[in-house]
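K.L.:
Right, I'll just put the structure down here and ask away after.
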Amino acid sequence: MEFSGNPVKGDNAHGHLKIMDMDSSGVWELLQNIQHELRLGSLETQDEAITELQNYLEEFSSIIFPSFIYPLLESVFSYHSTNILPSLLLSDEDRQVVQEGFERTLCRLKAQEEISKDLEAKLKRMFNQAKAKELRSVKEVVIALSEKVGAQGLAPLLEMDVPVEIQQDRELGRQYRALKKSLFTSKRVLPFFKTLISRMLPEQLKVEFEQIQDLFWNELNDLLQMKVVLIRTQTKEPLITRLDIETSVESVGCSNDRIEFENEVDDRMYQSCRKAVGLARAFLEQYFPEEIRNKFIQVRCRFLNPIMEYQDTSVSLAVGLKVVGDILDLEINPHLIVSGEVDDSGRIISVRHLPEKVRAADQHPDIYQIYLPEDGSYIGGNRTPIVRVSTFTEVVQQYYGPQLQQRRNVRCEMNRLRREDWSEAFSTGAFYGRKKELAQLKRWLVKDRCRLVMLLGMGGMGKSSLAAKLGEQIKSQFNYCYWRDLKNAPLAEDLLRDCILFLSDQQRTDLPEGVDSRITLFWNIYETIVVC
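Here it is as structure tokens:
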């Protein structure tokens, strides 16, 4: 499979990709632009980029960001005060005005950070309730959201009654009932909440929600995305962070599989993650080929910190694992870390700095388990259980466990239904006798592998019932079962077309014209036919 995509660098690092439902306000892109200027730009262009960020923050001062954003903003402004402002050609008076402006912005951001942390804690509780299926109805979801959001000054939401149309919205109710019966995945959860928000909020309250929408979606994604443990490039210290991965399969507008990062990543990390996507494809082609047949995997990745460079190849295993989960609609575990690099054969190879990474997992309150390569030299941590894995397939099977097996069972059942067409068969519920004839027919078809059997007899003797009973009893011995009643039958050419399409799983569309040509093709692909 041909592969394309590039690690995002330089001028391509901002603006061309957007992870779904993340940071609609634009502060992420502004921070990434600053990171680009800090790497390549002059002090003047750095000043322009940071000033643009400050102007944005003043213009949209009511927006509450996720709490992890505020330390980044503080570090950027501190850098400006220490390294840029003293070198600018300004009078002392103008320099003082600029400094005071940044300090006012910082003071306001510190106050907002506390609000953000409080809201995050409340939203986290609400989303955990939703994941645990504790919110019984759409109405309870709306009430919970109103209570969590309204408690921090967004009073209109708290005071809002649940609209009657929401309570009686059958489609929304149907979606939520389906959500309560299914896995907590991005493919199911995000569309529901997007629909709920769009229908729940009257126009006058949409402005209220826009103030916290970045925080809202970020907190929800905390339960829908994987965490990874990295080593910081500069300090060599461990860092546990979230990696947002969005996967889609496309059949139009693509010519190969593709992975892209919205952050600055080095080539080794990119190539390792690219291999992981290839392994995800290989796994799916082996166990779930219908999911990606004639389709291309498109992957977008984004770390939370836009001003950090990433060089850790150990995230590749998590990328491949999440791609499989996204395509199969499987639920991830946000409390479990997967750390390992994959090679071309699917083997998981050891990663660097294992002791530091395990200690970081031990100290993190939300991490309950970590997957590491089997050949790693580090034995274990004090608190966090370690699972040793050796191949990509093994990781997929262990990580997703029962839900993967359930998915395979569903696939087998769907394939069985797709490969049986009894739409016009006789009911055999009241079938009696004919044991000798059934035994003879089974021997001919199953043991002797006869390709053509004809049942002869006068009308009403039970030939069709006997054939239907036979098919019911031996269908598990054949790949396909196809029944057609030839009373009032369509044209032979059309009948052959339908049969060939069924036997080829709808793949054989280049059918020859004419009855004789189609009969020849049919005889080449069928196994056994019973005529009665």
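For the sequence shown, position 411 matches number 411 in my numbering, and the numbering has no gaps at all.
Each residue gets a CB set at the ideal place from its N, CA and C atoms; glycine is no exception.
Do D87 and L40 have their C-beta atoms closer together than 9 Å?
P.N.:
The question names Asp, yet the displayed sequence has Ser at residue 87. Cβ distance not < 9 Å, so S87 and L40 don't count as in contact.
K.L.:
Under the three-state reduction of DSSP, which class applies to T82: helix, strand or coil?
P.N.:
Correct three-state label for T82: helix.
K.L.:
Considering just the uninterrupted stretch of the alpha helix (DSSP H) at L190, what are its terminal residues?
P.N.:
Looking at the DSSP string, the run of the alpha helix (DSSP H) that includes L190 is 186-200.
K.L.:
Just the C-alpha distance for S91 and V98, rounded to the nearest angstrom, thanks.
P.N.:
Approximately 11 Å between the Cα atoms of the pair.
K.L.:
To the nearest angstrom, how far is the alpha carbon of R177 from that of I327?
P.N.:
Answer to the nearest angstrom: the Cα atoms are 22 Å apart.
K.L.:
Could you check where the beta strand (DSSP E) with Q225 kicks off and where it finishes?
P.N.:
Where Q225 is concerned, there is no enclosing beta strand (DSSP E), given that its DSSP letter is neither H nor E.
K.L.:
Using only the alpha-carbon positions, how far apart do N479 and R411 sit?
P.N.:
Going from the Cα of N479 to the Cα of R411 covers about 15 Å.
K.L.:
Quick one: grab the DSSP three-state call for T235.
P.N.:
It is coil, neither helix nor strand.
K.L.:
Select from T391, S255, Y270, Y368 the residue whose C-alpha is nearest the C-alpha of R383.
P.N.:
The shortest C-alpha separation from R383 is found at Y368.
K.L.:
From Q477 to R408, what does the alpha carbon distance come to, in whole angstroms?
P.N.:
Going from the Cα of Q477 to the Cα of R408 covers about 20 Å.
K.L.:
Does the distance from the CB of I240 to the CB of M226 come in under 9 Å?
P.N.:
The answer is no: Cβ separation not under 9 Å.
K.L.:
So, K117 versus E147, is the Cβ gap smaller than 9 Å?
P.N.:
No, they are not a contact pair.
K.L.:
If we call anything under 9 Å between Cβ atoms a contact, is R242 one with I259?
P.N.:
Their beta carbons are not under 9 Å apart, which means R242 does not touch I259 by this criterion.
K.L.:
Measure the C-alpha to C-alpha separation of F216 and P191 and round it to an integer number of angstroms.
P.N.:
Each residue's alpha carbon lies about 14 Å from the other.
K.L.:
With a threshold of 8 Å on Cβ separation, who are the neighbours of L584 within its own chain once the five nearest residues in sequence on each side are excluded?
P.N.:
Outside the displayed span of the chain (1 to 532) sits residue 584, for which this structure offers no information.
K.L.:
Cα-Cα, which of Q406, E374, P385 is closest to E394?
P.N.:
Of the candidates Q406, E374, P385, the one whose C-alpha sits nearest the C-alpha of E394 is E374.
K.L.:
Taking the alpha-carbon positions, what's the V323 to V277 distance?
P.N.:
Their Cα atoms are separated by approximately 7 Å.
K.L.:
With DSSP collapsed to three states, give me the class of R359.
P.N.:
Helix at R359.
K.L.:
Any idea which residues DSSP pairs I349 with across the strands?
P.N.:
DSSP, once it has assigned bridges, lists E341 as partnering I349.
K.L.:
What would DSSP say about S465, mapped onto helix, strand or coil?
P.N.:
Looking at S465 - three-state DSSP - the assignment turns out to be helix.
K.L.:
With distances taken between CB atoms, is the gap from E250 to F296 smaller than 9 Å?
P.N.:
Yes, the Cβ-Cβ distance between E250 and F296 is below 9 Å.
K.L.:
Quick check: the Cα distance between S465 and F288, rounded to an integer number of angstroms?
P.N.:
When rounded, the distance between both Cα atoms is 36 Å.
K.L.:
On the DSSP bridge list, what partners appear for Q369?
P.N.:
The partner list for Q369 (beta bridge, DSSP) reads L336.
K.L.:
Apart from the five residues on each side of it in sequence, which residues of its chain come closer than 7 Å, Cβ to Cβ, to F283?
P.N.:
Here the set comprises V324, F392, T393, V396.
K.L.:
Does L328 have its Cβ less than 9 Å from a Cβ in chain D?
P.N.:
Absent from the structure is chain D; it holds one protein chain and no more.
K.L.:
Using C-beta distances below 7 Å, list every residue in its chain close to Q129, excluding the 5 sequence neighbours before and after it, in chain order.
P.N.:
Excluding sequence neighbours, Q129 sits near L135, A144.
K.L.:
Tell me L243's beta-bridge partners as DSSP assigns them.
P.N.:
Paired residues: M226, F303.
K.L.:
Leaving out five residues on either side along the sequence, give the residues of the same chain with a beta carbon under 6 Å from the beta carbon of S186.
P.N.:
The residues are L224.
K.L.:
Start and end of the alpha helix (DSSP H) containing K115?
P.N.:
Reading off the sequence, residue 115 comes out as Ile, not Lys. I115 -> alpha helix (DSSP H) spans 92-131.
K.L.:
Thinking just about the alpha-carbon of each residue, which of N218, I212, H335 is nearest to the one in H364?
P.N.:
The residue with the shortest Cα to Cα distance from H364 is H335.
K.L.:
Thinking C-beta only, is H353 closer than 9 Å to I231?
P.N.:
Cβ atoms of I231 and H353: closer than 9 Å.
K.L.:
Applying the 10 Å Cβ sphere with the 16-neighbour rule, what's the burial state of V299?
P.N.:
So V299 ends up on the buried side.
K.L.:
Where do the N-terminal and C-terminal ends of the alpha helix (DSSP H) with V446 fall, by residue?
P.N.:
Counting along the chain, V446 falls outside any alpha helix (DSSP H), and DSSP gives it neither H nor E.
K.L.:
Run the CB neighbour count on Q46, radius 10 Å, all protein chains shown included, and call it buried at 16 or more, exposed below.
P.N.:
The residue in question, Q46, is buried, as its Cβ has 16 or more Cβ neighbours within 10 Å.
K.L.:
So, with DSSP's three-state summary, where would you put C254?
P.N.:
In the structure shown, C254 sits in coil (DSSP, three-state: anything other than H, G, I, E or B).
K.L.:
Pull the bridge partners of E147 from the DSSP assignment, please.
P.N.:
E147 is not bridged to any residue.
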